[in-house]
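**Q**
Protein chains: 2
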Amino acid sequence: MSIADDNKPRSSGRAGGRQARKELRAAPLSDDIKPIRGGMTGGRYKPLTDADVLKIHNAALQCLEEIGFGQAIPTCIEACEKLGCTYGSDGRLRFPRALVEDVVAKAARNFTLFGQDPRHDLEPSGKRVYYATAGAAVHIVNLKTRNYDLSTLKDLYDAGRIVDAMDNIHLFQRCMVARDMEDPRDLDVNTMYASVSATTKHVGTSMVMPEHVTECLEILHAIAGSEEKWRARPFVSQSNCFVVPPMKFAEDASRCLETAVYGGMPMLLLSAGQAGATAPAAIAGAVVQAVAEVLAGLVYVNALVPGHPCIFGTWPFVSDLRSGAMSGGSGEQALLTAACAQMAHFYDLPGGSAAGMADSKEPDVQAGYEKGITTVMAGLAGLNIVYESAGMHASLLGFSLESLIIDNDILGQSLRCVRGIEVNDETLSVETIREVCIGGPGHYLGHRQTLALMQRDYVYPVIGNRLSPKEWAEVGKPNILDVAVRKKEDLLSAYFPKHIPEAVDDAIRARHNICLPKEAMGRGRS
Amino acid sequence: MSIADDNKPRSSGRAGGRQARKELRAAPLSDDIKPIRGGMTGGRYKPLTDADVLKIHNAALQCLEEIGFGQAIPTCIEACEKLGCTYGSDGRLRFPRALVEDVVAKAARNFTLFGQDPRHDLEPSGKRVYYATAGAAVHIVNLKTRNYDLSTLKDLYDAGRIVDAMDNIHLFQRCMVARDMEDPRDLDVNTMYASVSATTKHVGTSMVMPEHVTECLEILHAIAGSEEKWRARPFVSQSNCFVVPPMKFAEDASRCLETAVYGGMPMLLLSAGQAGATAPAAIAGAVVQAVAEVLAGLVYVNALVPGHPCIFGTWPFVSDLRSGAMSGGSGEQALLTAACAQMAHFYDLPGGSAAGMADSKEPDVQAGYEKGITTVMAGLAGLNIVYESAGMHASLLGFSLESLIIDNDILGQSLRCVRGIEVNDETLSVETIREVCIGGPGHYLGHRQTLALMQRDYVYPVIGNRLSPKEWAEVGKPNILDVAVRKKEDLLSAYFPKHIPEAVDDAIRARHNICLPKEAMGRGRS
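Residue numbers (the working numbering), protein chains in the order written: chain Z, 3 to 528; chain G, 3 to 528.
#1: When the Cα atoms are used, what is the spatial distance from E68/G to Y446/Z?
#2: Taking 9 Å as the threshold (C-beta atoms), are A346/G and I435/Z in contact?
#3: So, with DSSP's three-state summary, where would you put M345/G?
#4: Within 9 Å (strictly less), CB to CB, does P365/G reach chain Z?
#5: In chain order, what residues of the same chain have a beta carbon less than 8 Å from the beta carbon of Q457/G, not counting five sequence neighbours either side?
#6: Would A134/Z and E390/Z be called neighbours here (beta carbons separated by less than 9 Å)?
#7: Using 9 Å as the threshold, is the C-beta distance between G299/Z and V245/Z below it?
#8: Counting only Cβ pairs nearer than 7 Å, list the residues of chain Z close to K540/G.
#9: Cutting at 7 Å between CB atoms, please list the residues of its own chain near Q344/Z, excluding the five before and the five after it.
#10: Assuming Q240/G contacts G370/Z (C-beta within less than 8 Å), just tell me the rounded distance between them.
#11: Give the list of continuous beta strand (DSSP E) stretches no shorter than 3 residues that lie fully inside the segment 174-219 of chain G.
#12: Among the candidates C419/Z, G353/Z, A283/Z and S402/Z, whose CA atom is the shortest distance from the CA of V378/G?
#13: I'd like to check one pair, M359/Z with G381/Z: are the Cβ atoms closer than 9 Å?
#14: Show which residues of chain G have a CB atom less than 7 Å away from the CB atom of T2/Z.
#15: In terms of residues, what are the limits of the alpha helix (DSSP H) holding C243/Z?
#16: At least one CB of chain Z closer than 9 Å to the CB of S462/G: is that the case?
#17: How far does the beta strand (DSSP E) with G354/G in it reach, from first residue to last?
#18: Helix, strand or coil: which one does DSSP assign to M523/G?
#19: Is the segment 396-415 of chain Z touching the segment 348-362 of chain G, taking contact as three or more C-beta pairs under 8 Å?
#20: Determine the closest residue to L406/Z out of G162/Z, M42/Z, L259/Z and A196/Z, with distance taken between C-alpha atoms.
#21: Starting from the Cα of G524/G, find the closest Cα among L124/G, N304/G, V106/G and L494/G and give me that residue.
#22: Just to confirm, are P247/Z and G266/Z a CB contact at a threshold of 9 Å?
#23: Taking Cβ positions only, does D571/G come closer than 9 Å to chain Z?
#24: So, with DSSP's three-state summary, where would you put K84/G?
#25: Assign E184/G to one of two classes, buried (16 or more other C-beta atoms within 10 Å of its C-beta) or exposed (fewer than that).
#26: So within the segment 462-527 of chain Z, which uninterrupted alpha helix (DSSP H) runs reach at least 4 residues, ignoring any that extend past its ends?
#27: Does DSSP classify D8/G as helix, strand or coil?
#28: Please classify T1/Z: does DSSP put it in a helix, a strand, or coil?
#29: Suppose you measure from the CA of R10/G to the CA of R121/G; what does that come to, to the nearest Å?
#30: Taking the alpha carbon of A509/G as the point to measure from, which residue in G45/G, H172/G, V388/G and A226/G has its own alpha carbon closest?
#31: Rounded to the nearest angstrom, what separates Q291/Z and Q335/G at their Cα positions?
#32: Look at the alpha carbon of G93/G and the alpha carbon of C82/G, and state the distance between them as a whole number of angstroms.
#33: Mark G466/G as exposed unless 16 or more other C-beta atoms lie within 10 angstroms of its C-beta, in which case mark it buried.
#34: How big is the Cα-Cα spacing for M211/G and E260/G?
#35: For L413/Z, report the span of its alpha helix (DSSP H) as first-last.
#36: Any beta carbon from chain Z within less than 9 Å of K48/G's own beta carbon?
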């Protein structure tokens with residue numbers, strides 16, 4: 003059976019009984035009849051040969067063994083030395099090859115990333131593909147004024163609500179910095195709380211100080227019902243930039259990593275070098291460095307808690323070498339990300355990298371092709387979690403709520419491509435062709451195969467427009483941006499996820515400085 | 003050596019001597035320093051497994067042997083029967099499996115598609131990738147009014163001039179119908195003459211009656227200098243829809259095919275079924291039918307003139323099954339086209355299929371992602387000629403001159419992805435990383451590797467905008483469509499290719515009804 007056959011809509015036979023049917027009806031749309039879903043298997047695109055993969059692996063191990071990492075904090079040095087690392091007189095922590103390979107062999111794999119709603123649980127293993135938001139945009143794009151306004155906590159909450167309603171965005175990672183939060187602690191705590199209040203999908207976020215992690219964990223225990231329940235289904239992962247590329251640990255991030263790991267929070271081990279600036283300009287070299295860096299993080303985490311769930315977050319970015327500024331929408335970026343997917347497959351670890359980062363400042367034709375090319379290539383490469391894949395503009399500086407809705411269509415087409423082509427006796431269609439051509443109507447319009455595949459095999463854009471020019475003119479030549487604005491306004495005025503019970507929300511507000519007013523969350527004043 | 007290494011900029015050593023250097027300086031930009039060029043090798047994306055490819059091949063042969071083709075004209079039946087086909091009492095021409103395999107084995111491969119300027123010669127073999135226009139749009143998109151106006155001969159000529167100036171569009175196939183030409187003969191002759199006057203790149207066009215082919219050949223002999231010179235370097239191919247899917251010959255097109263083949267004109271054997279309408283709705287089935295149909299055309303041509311150059315033009319389109327209308331921008335289309343690339347590789351024949359056909363009516367975010375996803379997947383699949391890849395809107399009904407310029411950037415990024423990732427000791431960058439990290443500056447900004455790769459490895463958009471939001475605001479928030487309009491106007495007001503000498507042009511005008519005024523071609527009144 004080919005990958006594509008494995009990607010076919012699931013048989014409805016998998017869950018029987020009255021309860022299963024009841025659950026099925028409660029869900030917005032059953033996976034069974036959807037042509038696409040999160041977690042379909044990609045991997046039919048391989049930018050690297052097997053030999054290339056091995057060369058990159060060996061070069062990364064060489065870097066770890068010979069160059070090592072600067073700026074390790076004492077607890078990191080202590081834990082890693084116990085495993086066999088050496089701390090040199092030059093202040094660099096070095097990782098022997100055999101140790102790294104041993105850690106890779108024993109590291110957590112095939113784990114679930116939980117949603118608050120089990121319907122949104124993710125299984126980022128093999129070559130399964132999920133699309134996610136991410137990022138730290140400092141602006142929200144105002145489509146009407148074309149201004150880059152400061153992003154707020156409310157914007158972040160709204161982004162989460164939209165993601166909750168978008169079929170083709172499977173994980174909500176913090177995508178904007180709430181610039182109305184002045185205190186860093188308020189920022190971290192409220193970013194997380196706004197996110198987990200907005201969606202039942204898995205949430206990713208980051209914290210800058212370990213005491214913020216501790217406070218966030220307290221809130222998560224309250225939402226889960228207890229620490230034990232949180233640890234059984236941790237539904238928030240920490241996006242952690244433990245490395246300052248090239249090859250140095252970030253000290254505060256290291257401390258946050260330790261607190262999160264001990265607290266049972268899955269870890270996105272994030273190396274975000276920029277080729278030509280903080281990583282080699284050669285694409286292969288940027289991948290080597292990213293792999294080396296994330297492997298170091300993997301050793302670090304496993305030295306603290308063996309088998310702790312980590313996402314292999316090789317996120318090399320690209321510089322526009324004319325200016326030194328980042329270029330997220332380039333072909334070079336698409337290649338880097340796809341190559342990273344292959345490296346994660348080599349290690350059989352859940353891989354997360356970035357795609358969909360338009361350089362364009364607004365959702366225009368440039369943003370469209372930048373996002374389309376990069377997200378489809380990440381998916382075809384079988385990247386497990388494609389971060390940054392919705393809403394992003396201006397090389398990660400701006401975020402657009404309308405683009406979330408537009409990008410949901412882009413990701414739908416990307417997922418259709420990931421699903422691939424089923425080849426079997428039925429789809430080869432020899433008998434269908436025979437029936438139509440010999441004594442048949444000479445076309446396939448009303449053929450039972452056509453009708454059967456209409457919903458099961460074909461993906462239709464939600465806001466994309468496929469009318470003919472004549473029909474399009476008759477309905478007033480709708481502009482896709484206007485359609486997205488309207489859809490956003492409709493959604494945000496009516497859609498308020500209420501999965502966190504009011505009493506729990508009240509209890510959290512009583513203990514923590516929650517800055518998003520209850521009214522903004524569609525709750526009445528208590 | 004990996005494919006990617008093979009795609010590296012060519013060494014400047016390949017052409018020595020004074021004449022070569024002189025030619026080099028005369029060229030606008032040397033291939034040697036370009037990070038991308040036409041004819042780079044793709045193929046790292048394979049939507050089909052090897053077993054899938056074989057199943058499709060076998061199903062296609064079964065269709066040809068058992069179902070066969072209706073509506074063959076007498077000369078076709080006669081030629082094909084001589085080769086071993088059978089003409090049944092049901093009026094269908096059937097192609098025995100062994101015969102088809104024999105024709106495939108002996109068919110022309112590894113031939114050159116010539117440009118009027120040898121600099122633009124194409125080698126559509128292996129997994130080399132070229133991007134081309136094509137189509138028969140009946141409207142030109144007016145970006146200012148958002149109207150779909152009737153397309154004219156002048157529009158077609160202008161499109162050709164723009165293509166001549168665009169680095170990433172390698173072949174100019176007729177893309178619009180000149181609706182100001184009322185007589186079909188005037189239409190065919192003028193379409194070809196406007197195209198070959200506008201560009202020195204290889205031209206594709208079609209003719210509806212054999213006497214039009216004859217007249218076009220006369221003109222081509224005049225441009226080439228003689229029939230012999232034309233036959234030595236035929237720089238126009240005929241795009242021929244010899245099949246009315248499913249599985250019937252088109253009679254007039256068959257006659258045009260015969261005249262063109264005898265006249266030494268390379269043939270694009272075009273099967274343009276539409277999945278769910280004139281081809282099976284199942285993607286695999288649509289590929290099966292397209293392969294069967296083009297194989298029939300290949301037998302037909304080789305029965306007339308063994309070894310005549312043909313492009314394997316499997317162009318299955320997609321229906322939006324909600325309306326039955328075509329959807330060129332869909333994920334299903336991207337898969338169909340990529341699968342066709344693989345089938346052409348299986349036969350080791352030059353493959354041409356379609357990508358870049360936006361459903362969107364204008365160059366907006368939807369057009370961007372539709373074009374980006376489909377053109378990059380065609381390239382990664384190693385499709386030899388990616389037709390329809392620039393300018394197209396509204397599922398082939400509309401053409402935009404501005405989009406040609408925008409799409410040139412899309413194709414540039416696609417080509418960057420096709421080029422892939424070079425992995426070798428230099429690019430793995432271990433020593434570069436060591437130099438930077440240990441005693442080095444801690445960044446790569448001024449490193450010699452970075453500077454060396456800036457022009458050689460990185461592709462910069464021509465009109466795409468990578469400014470930061472601040473810089474973008476400072477320069478007045480340019481809109482990409484305005485930029486494209488300005489670029490188009492600048493180009494069309496100044497760029498008039500004059501490769502056809504005035505005397506030849508005059509001679510052609512004296513013998514043929516050339517409707518494009520000399521002034522429109524930048525020539526003074528004679």
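Quick reminder that beta carbons are idealized off the backbone N, C-alpha and C, glycines included.
**A** The short version:
#1: In this structure, the alpha-carbon of E68/G lies about 19 Å from that of Y446/Z.
#2: With contacts defined by Cβ atoms closer than 9 Å, I435/Z and A346/G do not form a contacting pair.
#3: M345/G: helix per DSSP, three-state reduction.
#4: So yes, P365/G belongs to the interface.
#5: Scanning its chain for C-beta atoms nearer than 8 Å, with the 5 sequence neighbours on each side dropped, one finds around Q457/G the residues I35 and P37, in chain order.
#6: Yes, these two residues count as a Cβ contact at 9 Å.
#7: Contact: yes.
#8: Absent from the structure is residue 540/G, since the part of chain G shown begins at 3 and ends at 528.
#9: Closer than 7 Å at the Cβ level, and outside the excluded window around Q344/Z, lie K48, P49, L50, V55 and A383.
#10: Actually they are not in contact, since the Cβ atoms of Q240/G and G370/Z sit about 34 Å apart, beyond 8 Å.
#11: Taking only runs of at least 3 residues, the beta strand (DSSP E) segments lying wholly in the segment 174-219 of chain G are 204-207.
#12: Here the closest residue by C-alpha is C419/Z.
#13: Annotated as distal: G381/Z and M359/Z, with beta-carbon spacing of 9 Å or more.
#14: Not covered by the structure: residue 2/Z. The range shown for chain Z is 3 to 528.
#15: For C243/Z, no alpha helix (DSSP H) segment is defined, and its DSSP state is neither H nor E.
#16: It should be noted that the sequence gives Tyr, not Ser, for residue 462/G. The C-beta of Y462/G comes closer than 9 Å to at least one C-beta of chain Z.
#17: G354 to A356 is the extent of the beta strand (DSSP E) around G354/G.
#18: Helix at M523/G.
#19: Output reads no: the segment 348-362 of chain G does not touch the segment 396-415 of chain Z.
#20: Cα-wise, what sits closest to L406/Z is G162/Z.
#21: Of the candidates L124/G, N304/G, V106/G and L494/G, the one whose C-alpha sits nearest the C-alpha of G524/G is L494/G.
#22: Contact flag unset, no.
#23: Residue 571/G is absent from the model: chain G starts at 3 and stops at 528.
#24: Correct three-state label for K84/G: helix.
#25: Around the beta carbon of E184/G, fewer than 16 other beta carbons lie within 10 angstroms, which makes this residue exposed.
#26: DSSP runs (the alpha helix (DSSP H)) wholly in the segment 462-527 of chain Z: 471-476, 482-496 and 504-513.
#27: Look at D8/G here: in three-state DSSP terms it is helix.
#28: The first residue shown for chain Z is 3 and the last is 528, placing residue 1/Z beyond what the model contains.
#29: Looking at the sequence shown, residue 10/G is not Arg but Lys. Taking the straight line from one Cα to the other gives about 19 Å.
#30: Considering only alpha carbons, the answer is A226/G.
#31: Roughly 37 Å separates the two Cα atoms.
#32: Taking the straight line joining both Cα atoms gives about 14 Å.
#33: Burial state of G466/G is buried, judged by a 10 Å Cβ sphere holding 16 or more other Cβ atoms.
#34: Linking M211/G to E260/G through their CA atoms gives a straight-line distance of about 11 Å.
#35: That run of the alpha helix (DSSP H) goes L403 to R421.
#36: Yes - at least one Cβ of chain Z is within 9 Å of the one on K48/G.
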